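Position 158 of the sequence shown, counted from 1, bears residue number 159 in the working numbering, the numbering being contiguous throughout.
Report on the following structure.
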Amino acid sequence: MKSLPLARLLALAVPLLLLGGAYASQYIGGLHPCQMCWWQRYPHFAAIPLALIAYGATGRPCVSALFAGLAGLAIGISGGIGLFHAGVEYGWWQGLTACSTSPAGGNPADILNQIMATPITRCDVAPWTLMGISLAGFNGLLSGASALAILVLLIKARKEA
Numbered sequence: 002m003k004s005l006p007l008a009r010l011l012a013l014a015v016p017l018l019l020l021g022g023a024y025a026s027q028y029i030g031g032l033h034p035c036q037m038c039w040w041q042r043y044p045h046f047a048a049i050p051l052a053l054i055a056y057g058a059t060g061r062p063c064v065s066a067l068f069a070g071l072a073g074l075a076i077g078i079s080g081g082i083g084l085f086h087a088g089v090e091y092g093w094w095q096g097l098t099a100c101s102t103s104p105a106g107g108n109p110a111d112i113l114n115q116i117m118a119t120p121i122t123r124c125d126v127a128p129w130t131l132m133g134i135s136l137a138g139f140n141g142l143l144s145g146a147s148a149l150a151i152l153v154l155l156i157k158a159r160k161e162a
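Given below as structure tokens:
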């Protein structure tokens with residue numbers, strides 16, 4: 002298979018499969034997404050129509066490559082967010098949201114109000130892991146590798162043209 006069609010295939014298949022896995026873990030596995038989990042989904046939502054436009058422009062290779070590249074960029078952004086989220090889950094750094102912060106202090110009533118205002122699905126606790134890698138970590142690894150593969154394939158496609 003030539004490089005551009007493979008890049009388009011990855012640009013469409015990766016977000017579809019990763020979003021499918023996310024929704025399956027949510028609705029079948031009962032793992033409700035936190036705020037940072039949603040942040041990882043948004044770039045994949047954007048990548049799908051970009052990849053579809055790349056498929057629609059198969060007669061114009063430069064346009065097709067541009068949209069496949071934009072989809073790859075969106076996939077890479079999701080991967081970056083996933084790696085950041087995984088770091089929050091592993092305790093490497095603090096998250097940006099209220100779903101991953103500890104009570105700031107103050108009197109007991111203020112601390113209780115902060116705890117009660119925190120969403121039930123916390124961003125700093127991995128609800129599921131495989132070999133020590135959380136879902137956010139898997140998204141970071143898979144999305145990052147896929148974005149890199151799309152970039153490499155597009156560079157190769159340019160040389161083939």
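Idealized CB from N, CA, C, for every residue including glycine.
Remember, predicted model here, so these are calculated numbers, not experimental data.
As a quick exercise: from the options, pick the residue whose alpha carbon is nearest that of residue i.
i, options, result
"I78", "E161, S4, V89, L149", "L149"
"A137", "L155, G81, A25, G21", "G81"
"E90", "T122, V64, N108, L113", "T122"
"F46", "G145, L97, I151, L19", "L19"
"C35", "A25, K3, I156, P128", "P128"
"H33", "C124, K157, S4", "C124"
Considering only their Cβ atoms, is the gap separating residue j from residue i smaller than 8 Å?
i, j, result
"A55", "A75", "no"
"L17", "S147", "no"
"G96", "M37", "yes"
"S135", "V15", "no"
Hey, is residue i's beta-carbon within less than 8 Å of any beta-carbon in chain B?
i, result
"V89", "Absent here is chain B; the protein component of the structure consists of one chain."
Taking buried to mean at least 16 other C-beta atoms within 10 Å of its own C-beta, is residue i buried or exposed?
i, result
"Q41", "buried"
"I29", "exposed"
"G154", "Per the sequence shown, the amino acid found at residue 154 is Leu instead of Gly. Buried is the call here."
"V126", "exposed"
"A72", "buried"
"G141", "buried"
"P109", "exposed"
"A162", "exposed"
"G21", "exposed"
"G83", "buried"
"A25", "exposed"
Express the C-alpha separation of residue j and residue i in angstroms, rounding to a whole number.
i, j, result
"L53", "L13", "7 Å"
"P6", "R159", "12 Å"
"W93", "A87", "9 Å"
"A66", "P50", "14 Å"
"A58", "R9", "11 Å"
"P62", "L113", "58 Å"
"G31", "W39", "15 Å"
Which runs of the beta strand (DSSP E) at least 3 residues long sit entirely within the stretch 11-75? Give them in chain order. none
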